[in-house]
Structure formats: structure tokens, C-alpha cells
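Step one of this worksheet: look at the structure below.
Number of protein chains: 2
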Amino acid sequence: MNKLTVKAKNSQDVMQPLKASVTPLEEKLMELFSASEKSFLAEEAMEERISALVEDFLYAKTASTDIDLELIIQEFTENKIPALPADVGNYIDDLAQTLVAHSIHTSSPRYIGHMTSALPYFVRPIAKLLIAMNQNLVKMETAKVLTPCERQTLAMMHRLIYDFSEDFYNQHIQKNDSTLGIVVTGGTLANITALWCARNASLGPKNNFSGIEKEGLYAALEFYGYKGMVIIGSSLMHYSFEKAAGLLGIGDRNLLKVPTDSHHRMDLAALRQTVAECRDRNLHILAIIGVAGSTDSGSIDPLPEIAAIAQSANAHFHVDAAWGGPVLFSERHRHKLAGIQLADSVTIDGHKQMYLPMGIGMVLFRNPQIAKVIEKNAPYTVRKDSIDLGKRSLEGSRSGASLFLQAALNIIGHQGYEFLIDAGIHKTQHLANLIRENPAFELLLEPEINLLLYRYIPETFREKAAKKQLTEADNYFINEFNERLQEAQRQAGDTFVSRTTVQNTCYGKTIPIVAFRVVLANPLTTEADISFVLNDQLKIAAKLSLTIANSDRCDEVNYAVY
Amino acid sequence: MNKLTVKAKNSQDVMQPLKASVTPLEEKLMELFSASEKSFLAEEAMEERISALVEDFLYAKTASTDIDLELIIQEFTENKIPALPADVGNYIDDLAQTLVAHSIHTSSPRYIGHMTSALPYFVRPIAKLLIAMNQNLVKMETAKVLTPCERQTLAMMHRLIYDFSEDFYNQHIQKNDSTLGIVVTGGTLANITALWCARNASLGPKNNFSGIEKEGLYAALEFYGYKGMVIIGSSLMHYSFEKAAGLLGIGDRNLLKVPTDSHHRMDLAALRQTVAECRDRNLHILAIIGVAGSTDSGSIDPLPEIAAIAQSANAHFHVDAAWGGPVLFSERHRHKLAGIQLADSVTIDGHKQMYLPMGIGMVLFRNPQIAKVIEKNAPYTVRKDSIDLGKRSLEGSRSGASLFLQAALNIIGHQGYEFLIDAGIHKTQHLANLIRENPAFELLLEPEINLLLYRYIPETFREKAAKKQLTEADNYFINEFNERLQEAQRQAGDTFVSRTTVQNTCYGKTIPIVAFRVVLANPLTTEADISFVLNDQLKIAAKLSLTIANSDRCDEVNYAVY
Numbered sequence: 022m023n024k025l026t027v028k029a030k031n032s033q034d035v036m037q038p039l040k041a042s043v044t045p046l047e048e049k050l051m052e053l054f055s056a057s058e059k060s061f062l063a064e065e066a067m068e069e070r071i072s073a074l075v076e077d078f079l080y081a082k083t084a085s086t087d088i089d090l091e092l093i094i095q096e097f098t099e100n101k102i103p104a105l106p107a108d109v110g111n112y113i114d115d116l117a118q119t120l121v122a123h124s125i126h127t128s129s130p131r132y133i134g135h136m137t138s139a140l141p142y143f144v145r146p147i148a149k150l151l152i153a154m155n156q157n158l159v160k161m162e163t164a165k166v167l168t169p170c171e172r173q174t175l176a177m178m179h180r181l182i183y184d185f186s187e188d189f190y191n192q193h194i195q196k197n198d199s200t201l202g203i204v205v206t207g208g209t210l211a212n213i214t215a216l217w218c219a220r221n222a223s224l225g226p227k228n229n230f231s232g233i234e235k236e237g238l239y240a241a242l243e244f245y246g247y248k249g250m251v252i253i254g255s256s257l258m259h260y261s262f263e264k265a266a267g268l269l270g271i272g273d274r275n276l277l278k279v280p281t282d283s284h285h286r287m288d289l290a291a292l293r294q295t296v297a298e299c300r301d302r303n304l305h306i307l308a309i310i311g312v313a314g315s316t317d318s319g320s321i322d323p324l325p326e327i328a329a330i331a332q333s334a335n336a337h338f339h340v341d342a343a344w345g346g347p348v349l350f351s352e353r354h355r356h357k358l359a360g361i362q363l364a365d366s367v368t369i370d371g372h373k374q375m376y377l378p379m380g381i382g383m384v385l386f387r388n389p390q391i392a393k394v395i396e397k398n399a400p401y402t403v404r405k406d407s408i409d410l411g412k413r414s415l416e417g418s419r420s421g422a423s424l425f426l427q428a429a430l431n432i433i434g435h436q437g438y439e440f441l442i443d444a445g446i447h448k449t450q451h452l453a454n455l456i457r458e459n460p461a462f463e464l465l466l467e468p469e470i471n472l473l474l475y476r477y478i479p480e481t482f483r484e485k486a487a488k489k490q491l492t493e494a495d496n497y498f499i500n501e502f503n504e505r506l507q508e509a510q511r512q513a514g515d516t517f518v519s520r521t522t523v524q525n526t527c528y529g530k531t532i533p534i535v536a537f538r539v540v541l542a543n544p545l546t547t548e549a550d551i552s553f554v555l556n557d558q559l560k561i562a563a564k565l566s567l568t569i570a571n572s573d574r575c576d577e578v579n580y581a582v583y
Numbered sequence: 022m023n024k025l026t027v028k029a030k031n032s033q034d035v036m037q038p039l040k041a042s043v044t045p046l047e048e049k050l051m052e053l054f055s056a057s058e059k060s061f062l063a064e065e066a067m068e069e070r071i072s073a074l075v076e077d078f079l080y081a082k083t084a085s086t087d088i089d090l091e092l093i094i095q096e097f098t099e100n101k102i103p104a105l106p107a108d109v110g111n112y113i114d115d116l117a118q119t120l121v122a123h124s125i126h127t128s129s130p131r132y133i134g135h136m137t138s139a140l141p142y143f144v145r146p147i148a149k150l151l152i153a154m155n156q157n158l159v160k161m162e163t164a165k166v167l168t169p170c171e172r173q174t175l176a177m178m179h180r181l182i183y184d185f186s187e188d189f190y191n192q193h194i195q196k197n198d199s200t201l202g203i204v205v206t207g208g209t210l211a212n213i214t215a216l217w218c219a220r221n222a223s224l225g226p227k228n229n230f231s232g233i234e235k236e237g238l239y240a241a242l243e244f245y246g247y248k249g250m251v252i253i254g255s256s257l258m259h260y261s262f263e264k265a266a267g268l269l270g271i272g273d274r275n276l277l278k279v280p281t282d283s284h285h286r287m288d289l290a291a292l293r294q295t296v297a298e299c300r301d302r303n304l305h306i307l308a309i310i311g312v313a314g315s316t317d318s319g320s321i322d323p324l325p326e327i328a329a330i331a332q333s334a335n336a337h338f339h340v341d342a343a344w345g346g347p348v349l350f351s352e353r354h355r356h357k358l359a360g361i362q363l364a365d366s367v368t369i370d371g372h373k374q375m376y377l378p379m380g381i382g383m384v385l386f387r388n389p390q391i392a393k394v395i396e397k398n399a400p401y402t403v404r405k406d407s408i409d410l411g412k413r414s415l416e417g418s419r420s421g422a423s424l425f426l427q428a429a430l431n432i433i434g435h436q437g438y439e440f441l442i443d444a445g446i447h448k449t450q451h452l453a454n455l456i457r458e459n460p461a462f463e464l465l466l467e468p469e470i471n472l473l474l475y476r477y478i479p480e481t482f483r484e485k486a487a488k489k490q491l492t493e494a495d496n497y498f499i500n501e502f503n504e505r506l507q508e509a510q511r512q513a514g515d516t517f518v519s520r521t522t523v524q525n526t527c528y529g530k531t532i533p534i535v536a537f538r539v540v541l542a543n544p545l546t547t548e549a550d551i552s553f554v555l556n557d558q559l560k561i562a563a564k565l566s567l568t569i570a571n572s573d574r575c576d577e578v579n580y581a582v583y
């Protein structure tokens, strides 16, 4: 073997002159990359500065600064990659001033307008570990331990929903052949993955036909003899289902939207009728969607009834519980999700009520075999006999972000999550009470969980509002007022609620109502913070009323928006 | 206004008893979430422990431990979410032992088998900042600064490829209406996004037809009068294109794979013939793919010629430069990508040769208007007139990961990247020379950039191999030997190369050849490390030869695998 040995001497010869002629650029780069004392010290210095920025950021109680978006945009117009490496210190100075200073305080207790929250501190050190290990979950060769670890985490989430027998989990948890769930970056990819599976499973190989995934949608409809293909859900489905319908070749207009009742729940009679019509027209019903925590209002569809209808229509039943899923942790509130265990697939987001950083979602499957219909292989990776998770997933290379979830399930625990869920719903009831008691506000919907829709009623309309006698014209004026109020509040930045347009309130289905949308998930939001937000709105509304009173109403209020 | 003011006193009343009866669980949770001195101290303690783990991990020169996968798997069989929160210290102990200790050292200079590398240290503090700010790029309201910042970063990458005029960038960089690119989590989503755009753009609204995205694929083919739809690329296309074809309703089998020449470049005559056949059969050619750095061997398709063919076929020209794109930084090597600027869309991965953590990719568009064909809106977010990036993207909520790229473009700079690219290609040539000089190895393909395919030749075959006289049976034996060698090397864990099966070598197209696949991107990999890896293989091969000699060859070597 001696004569074959590759001589290290030889290669050191080659390296000597290289070392002698190290350029400043090379030296700088080696400091950036090397695992050396010098590099760790540089990293430590950077870390210290970043930690100070982080601490300031997390202490903030305001929603944001009041800087104009236009001013920010002007800072980002250079379009050429810098030729030379920047000094790290200077870079951080710049970052602090342009970016950190004006970023949105998504964890502020008074930023209650979107599905964000303060996060538990352990996600930050875990992030450092993850980035340092930089595993790639596409294959075992780059994720030897995280592969089984992610499978375990998914099994735990699966059990939270389906609660199958111990035997079931022992059999499937680490079985290469089984897929209890897939980790993705968010609810959108989870919903798309679920429907991709549903489409392929329902129009799979048969006789001489090798299935829709191989032969395409046109051939599948021809072979199965359908006139078309539809997905059915409520009008409050997340817009990711439109992406799914478009992407999968089904077409947005074949995403059929069943109306909701005044509680924002899918109208079952309408669903039954839609199903019957599809059958009459010989349309393949790919899937029926149940929403468990709508993005708009937190409403939850009648899942057991939808499950039964889906079963009798032989359609895949998918539940989008991206937001509402973790309500299952609560002994007191989990009944609201009754029927979720009947779903063929369920979407849950990690970065919503699992309190994880942005970019973690998952889909769970009732049938551990269904994901085989999306399996792909390649010669250099995800080989057929491997345990590689990349075989069955929409994404290819992906990070080990599921470790955040694994950490949270351990460090927060079932009871910790239960506490968080209960607290959020409790606070929402508190806010609902404050709104009910205050004639300046109107509650637009009884909150189901921890989302709440309400609006401001300008003084002149309060009497009519109390009697539910507002006319269409009144409502248009109030809409405009609320839109401007929300924008002014956002611009000022002391507090934040978001805004939506609701189609189905006590004012009927034809009058769109602009609503404030509040999400109460942040454990740091106190009842005092909630009062602070409402008072901030009252203050801004008073100013706004004055502005409008002093101006020509017709000029100021532009009805054309609607 | 006084009578309307929401009384803080009232809410404090409600809070008092809550505070008095704080449970240990609640106290624990508040420590996890709160921005307080106590929490920051707890975080600091955790950080210190994680930093020590990280430092050890990054110093490692081995590829992995030699622990059996089965043993690891046994650690991950519990399937119930823990009821009570774990102690953070205990959790880290456990993490260190089960997970960190046996994770793959993807940044080791001797782990040269996959597209991983040591990363610059600044990605870790930036990760902390990102996780703390937890912006959501789906909308401006959760990413006020990162929205224009991401647009700027994409413009810089766009310019690297297309190098349009200063005017062009000034016009489009921050224009709501324009989309120079989309940040995704990796090349797979980038490729899918590009083809989604291509599909929708080529079968868009016309006369009474409202386009494929709305009406679906079946209706689109009927309306446009095509018999079917295809995507054409080389046989070395990434497997994500199969996902794209399946997902988009086109069908895997309508992803037409043109053979490659002996340099692994698309055979142009075969491409022309395929295009002609598709026209004859009245098939819509959705897109033609050029590969710029194939996953298998780093080969680069003849892009200018493919561009011309695509143009005359009126097909979208997409270049998958997930791996090879950053070669554009190199004055010396960028000519290898000539023609990429003719592409309608280009995929580049951040987590590959941009040296960023796992989970960052992007697609860039020649036409800033094309992404409008995938635009979606919703009442509570991504409204039509907003600057929200979520309007035109496959994903919904997503992290501000593009900040890693922004940081790297600044801190590494154009010249820094140039140095890294040149160094990798230089090392690859060095390895190729070592292999050429050593009869125990056979170079299977001249490396184009920094991927290299070779194999081990057992002693008895060396003479025949040198004369290129190996028979099919010889090659089968050698294949089996190399497969076992790679597995033994992986299992031992001192070094790592990956493995693929190549269809087109000097042994002809019919004999699949098992190859070692080496990727030389890690700046820390020295020529001494390269020699170390080869010597490790020689040592393992010697042992393996002995084992085989001592056993019944027919028993040991299972030809059935092929």
C-alpha cells in the first residue's frame, strides 16, 4: 500500500508558498471561517454587540417607530454587491441604525394585531446550535441524529391530534416506510403538501394508468372520466388554498367557497348542496377543507359534520389548524376542535401557537402510508431504501428547524402549552368585555378562541349602532373611519392591531365591514396592555374626528375605495 | 372622552389576585418568555453552555462518530409530549449527549461529500438577531424594514446575473409592481416557483379564457388546443423538477430528459430533436431547463445554445444554478456560465456556495413583471395595493432569512466570494491530479468546477482499468466494492465522501458506474485534508479486500442490487 499512499509531504510543499503569500483578503476570510481562537474571539465580540441590540429590542413596549416607510425605502436603493468585505463592526453599526431600530416589535405586548408573540428565550441559543451544526434534513448523511429526532417530534404532534394506540406509534414512529407527518416552513406548504397527497392518492395508478403524478392532470381526468376536479372549503379558508389549487393544476375557480354562518362557521347545508352539485356535474371532489381557527377571526368549522360529509363523498378531509391546533393542549377548550381526529391530514404551524420562530410548520397524516404518493428518488441522494426524509417532502434541502419544536415540547411541556392557550383565550374574553362595555367600540363577532374582531364607532353613530340600525351609507362612513384609524395607529407605532374586511356580520352579507383584528397569544400582554391599546385608539380616533370635522367631508372620505 | 377611557385600574384589579396566586408553572413560563433581568440571565447561562457545545462541534475534524444508526434510533422512540416542563439544564445535557455528540460534522474539512461547508462566524450572531426580531416577510406590517432590505438583496443578486443598466435597477429595485426575485427556502422551491410562473405566463388569460391559474390545466389545454404539456431538460436535472412536473399537474413523464454527452452536458442535437418531436405532436413546451452545476458532477449545460433553442421554441428558459451560480463572482471562471444572462429565470441557493445556513434559496427573473401571474390577495393581508412580499410567493409566512445573504454580501463582498470560488476549483484540480497519479483510483470525469467523481479500483483490476479494458462484469464487481467502501468509510466517520451512480462514463451509457462524489467548497479543507481522505479510503479498501478474499466472493457480493 505504501506506494499508493497519497503523500502529505507533497501537499504541504504546495501549501508552503501559499501561506507565505497570504493576502489581507485571504486572512480576513480565514478569520471569518476558521474554527480558531481568533475567530471565536471575533464572534464573541460580535455576539456581545448583537446581544445588546437584542435585549433593547425585546424590552420595547411600542409596536414600532413612527418612521415613514418612504424614508426607510430610500436606505435600500444601492444595487451593486460591495466589492470589498466590510468591517464587521461597521456593518453592525449600520444594521443597528437602518434595520434593527425600525423593525417591527413583533414580540411587544402591545403589538396584538398579528399572529406573533414574545418567544421563549431558549429559541435563541437553540438557533445558534442549529446554525452551527447546519444539518440538512433532506438525507441521513447530513442529519444522522436529527432525522430520527424529527420523526419522534412529529409522532408526538400526531399523537396530540389522533391519539392512536401505543402500538401504532411504536410501529410507525421510526419506520422508514411510514410518514406520520412532514415538517415544512409554514402552513402554506403544509396545506399544499396535504392536497398534493390527496390529489395523487385519489387519482393514483390503476390498470394501465400510472397515476396523476406520473401522467399529469389532463390524462388523469380523461382516464377516470371526470369532467373536472374541485376542492371545497368555506369562504374563510386561508388564501394558501388558492395557491394550492392554482399550483396543482386544479385552478383557483375550482376551489369552491361555501358561505359561512354568522359565527363564521361553514354552512353545512350549503356544503351538502355543493357536494351534490359536484356529483351531478361529474366533478371529482379532491378534498374538503375544515378550518380550525380561521386567520380572519379564529372561527372553527363544524369538523365532525364536515368529516361525515367528506366520508360519504369519498373525499379527503383536510383540517387547516395552522392557528387553532394547539388548542388541543387545553383540557378546557379542546372540545372546540372535536372532530379533528377524523381528518385525513392536519396542518399545524410551529411559529404560531407553538411559540417558535418564523419558518416552522407541519402536516400530520392519519394514514402513515399516504405520503408515498409524493415519493421521489435520485441517484446521489434520497435513495429508495434510505431513511432519508427528503424522499417524501415538497422541499429539498432544509434546516433542522424541527429541533425548535422538540425543545419546546420538552421545555414548555403539555401543561405549559395548556397554560398559554388558556391564558390567551381568557384575555380575549376580557377584551370582549371591555368592548361590550364601551359604546365607542362594537364587537363584531363573539370570539371562539383568541382572535377578536371589533371596530370603532364615531360618536354620531353610537345610538344607531347600539340599536343595530346603521344604514349601508353609515357603515361605509364607519368603514372609512376605521381604515384611517388603523393606518394612523400603525403609523404612530405605540400600539398595533391589524385590519380585515368582514363579509358576514349582524349587518348582513352584502355590507362589507372593516374590522380591527386582534390576536391575543403573547404571554406578556397584560390586561393593562389591552387597556392601553384601546385608549390609544380612542385618542387617535378623537384626533381623526376633529380632522374630519374641520374638513370637507366629501373630499376627505373617499368612498371609491369600496 | 373621559367616560370612554378604558380604566387601567379596573384591569389591575383583575390582575391582583392572579399575581397573588402565581403557580410554579406560571412562574416558570414567565421566566421563559419575559424580557426581564432574570430571563436574560437564564438565557445567558444557556447560551454559555450552548457556545461550549458549538465550539467543540466546530473544532471537530472527523466527519462523524462511528455510532450505529440503530442505536441512535432507539433514543427516539418515546412518543408522548412530556406533561411537565423540563429543566433547561437537564434538557441541554440530554441534547449534548444524544444529539450534538453524534450529529454530522458538516463543516469538517474532511467531510467533503456533500454541498456543505464551514460557515462564516457572523451567521450565528445574525441568527440570534433574526430569531429575536422574528419578522414575518409575508407582509410589511410584520417586516417594515426587512421588506425593502430583501428587495435590495435580490436586486444585487439579479445584477450579478443579468447586469442590466443602473436605470433598470433604479426603476425596479423598490417598485411594488416589480419582482426581481423571490427568496425561498431552497433550490427546490425556487425551481418550482420558476416553472409555476412559466406555466401561468405561457397559458395566461386570452379572450374569454381567464388563464390556467384560474381555470386549471385541463381547461387550459382545451382552450389553447394543445395535446399535452412538457418540460425539457437533461438527464442530470435535479430531482426537484420531477416534483415540479408532478405538482404542477404536468406529470413526471412529461418531464423529458435529454441525454448528456460524456462531459455531462446536455446533448444539443438530442434537444433539438426533442423540441421538434414535441411540436410535431402538438405538445406545449412549457420550459427548457439548463443546469449550471449539476448536483451529480458540477457539469454545466451549453447555456447560450439552449437559450437560442428555447427562444425559437417560444419556451421559457430556466437555469438551475443552485450550485453553480456563485461561480459568476470569479473573473477567471465566470465564462463557464456564459449564457446564464439569457435565462428567463435563474435559481441560486444561499446555503450552497453563498456559504449561508441551511434554508435559503432564491429565484431571479429577467422580466420583473412575470411573477404577477402567481399573485394572490387576502382581505387581512397581502392586499393588492400593499408592498407585501407575500403577494407573489409560493410560501406564506416566512422568516427574514434573506438578512443572512445581505450580511454576507457586505461582510464577504464580491472579492471575498471570488476568492472562495477560485480556491474551491483550485483544490478540485489538485485532487484530480492526485487521483490521476494514483493507480488505485480512477477519475471518472474531468471536473468542470468543484465537484469531482472518481472511484477506487481494486488491485486485480488496475491493469485493465489503465487500458480502459474493464468488462461489464468487472465493473459490476468494482461497483459493489466502491459501494461497500463508501458505506464503511461513512460508518467509521473519520472522513466522508458521498456516492452516486453515473450512467455515462468512458465505459459507455449502458454500464452504470458507482462513483465517489466529492464537493470542495469548504475554505477550511486543505490539501493535507484531501490527502487524508484519500489515504483513509486506501486503508479501508485494503481491509475490505482482505475480508472479501477471506470469504466466498459470491456470497458476499450481491449482484442483485443492480
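These protein sequence lines are chains A and B, in that order. Counting from 22, one number per residue, gives the positions in the first sequence under my numbering. Counting from 22, one number per residue, gives the positions in the second sequence under my numbering. Every residue gets a Cβ at the ideal spot worked out from N, C-alpha and C, and that includes glycine.
### Query
Does the beta carbon of A:T26 sit closer than 8 Å to a beta carbon anywhere in chain B?
True, the Cβ-Cβ gap to chain B drops below 8 Å.
### Message
Assuming the contact rule is C-beta atoms closer than 8 Å, B:I433 and A:P106 should be a hit. Round their C-beta distance to whole Å, please.
### Response
Right, the Cβ-Cβ distance comes to about 6 Å (below 8 Å), so this counts as a contact.
### Task
Consider the C-beta atom of A:F553 and the heavy atoms of the ligand SAM; say whether any pair is separated by less than 7 Å.
The ligand SAM is not part of this structure, which contains no ligands at all.
### Task
Apply the 10 Å Cβ neighbour rule to A:P378 and answer buried if 16 or more other Cβ atoms are within range, or exposed otherwise.
A:P378 is buried by the Cβ-count criterion.
### Query
So does the stretch 197–215 of chain B actually touch the stretch 172–180 of chain B, counting three or more Cβ pairs closer than 8 Å?
Taking a contact to require three or more Cβ pairs closer than 8 Å, the stretch 197–215 of chain B and the stretch 172–180 of chain B qualify as touching.
### Task
My understanding is that A:V166 touches B:H123, with C-beta atoms under 8 Å, so please give their C-beta distance in whole angstroms.
Rounded, the Cβ-Cβ distance is 5 Å, consistent with contact.
#### Entry: Where B:D550 sits in the DSSP three-state scheme
Helix, per DSSP.
### Query
Buried or exposed: A:D34, going by 16 or more other Cβ atoms within 10 Å of its Cβ?
Any reading at A:D34 needs caution, since the residue's pLDDT is 40, under 50, leaving its predicted position unreliable; the model's value is listed next. Exposed, because fewer than 16 other Cβ atoms sit within 10 Å of the Cβ of A:D34.
#### Entry: Distance between A:I395 and A:E234 (C-alpha atoms, nearest Å)
About 8 Å.
### Secondary structure of B:A399, DSSP reduced to three states
Three-state result, B:A399: strand.
### Nearest-angstrom beta carbon gap, B:E484 and B:I532 [assumed within contact, 8 Å]
In fact, because the Cβ distance is near 19 Å, the residues do not count as touching under 8 Å.
### Message
Tell me the rounded alpha-carbon separation between B:A241 and A:R505.
### Response
Rounded to the nearest angstrom, the gap between the Cα atoms of B:A241 and A:R505 is 42 Å.
### Query
So the alpha helix (DSSP H) B:H339 belongs to, where does it begin and stop?
From DSSP, B:H339 is part of no alpha helix (DSSP H) but of the beta strand (DSSP E) over H337 to D341.
### Task
With a threshold of 16 other CB atoms inside 10 Å of the CB of B:C170, please say whether the residue is buried or exposed.
A buried status is given to B:C170, since no fewer than 16 other beta-carbon atoms sit within 10 Å of its beta-carbon.
### Query
Based on the DSSP secondary-structure assignment, which residues constitute the bridge partners of A:F537?
Looking at the DSSP assignment, A:F537 forms a beta bridge with A:Y475 and A:R520.
### Task
Report, in whole angstroms, the separation of the C-beta atoms of A:I271 and A:I252, which I expect to be a contact under 8 Å.
Indeed they touch by this definition, with Cβ atoms about 6 Å apart.
### Task
Name, going along the chain, the residues of the stretch 267–297 of chain B whose beta-carbon falls closer than 7 Å to a beta-carbon of chain A.
Near chain A, meaning a CB-to-CB distance below 7 Å, the residues of the stretch 267–297 of chain B are G267, L268, L269, G270, I271, G272, D273, R274 and N275.
#### Entry: Closest Cα partner of A:I456 within the set A:S552, A:S129, A:G246 and A:H179
Considering only A:S552, A:S129, A:G246 and A:H179, the residue with the shortest C-alpha distance to A:I456 is A:S552.
### Task
With a threshold of 16 other CB atoms inside 10 Å of the CB of B:C299, please say whether the residue is buried or exposed.
For B:C299, the number of other beta carbons within 10 angstroms of its own is at least 16, and it is reported as buried.
### Query
So, do the stretch 412–422 of chain B and the stretch 207–226 of chain A have three or more beta carbon pairs nearer to each other than 8 Å?
The stretch 412–422 of chain B, when compared against the stretch 207–226 of chain A, does touch it at the 8 Å Cβ threshold.
#### Entry: Beta bridge counterpart(s) of B:H305 as assigned by DSSP
For B:H305, which the question treats as bridged, DSSP gives the partners B:M250.
#### Entry: Same chain, Cβ closer than 6 Å to A:D495, five either side skipped, listed in chain order
Counting only Cβ-Cβ distances below 6 Å, and skipping sequence neighbours, we find F482.
### Task
State whether the stretch 136–151 of chain B contacts the stretch 367–384 of chain B, with contact taken as three or more CB pairs (one from each stretch) at a distance under 8 Å.
The stretch 136–151 of chain B, when compared against the stretch 367–384 of chain B, does touch it at the 8 Å Cβ threshold.
### Between the CA atoms of A:G437 and A:T127 - distance to the nearest angstrom
Their backbone Cα atoms lie some 22 Å apart in a straight line.
### Task
Just the chain A side, please: which residues come within less than 7 Å of B:P169 by C-beta, in chain order?
In chain order: I93, I94 and F97.
### Message
I'd like the list of long-range same chain contacts for B:I408, defined as Cβ closer than 7 Å, with 5 residues on each side in sequence excluded.
### Response
Excluding positions up to five away in sequence, the list reads M161, T168 and N197.
### Query
Rounded to a whole number of angstroms, what is the C-alpha to C-alpha distance between A:L120 and B:E469?
Going by the C-alpha atoms only, they are around 40 Å apart.
### Query
Is the beta carbon of B:L472 sitting closer than 8 Å to the one on B:R387?
Between B:L472 and B:R387, the C-beta spacing is not below 8 Å.
### Query
A:L410 and A:V159: beta carbons closer than 8 Å?
Between A:L410 and A:V159, the CB-CB gap stays under 8 Å.
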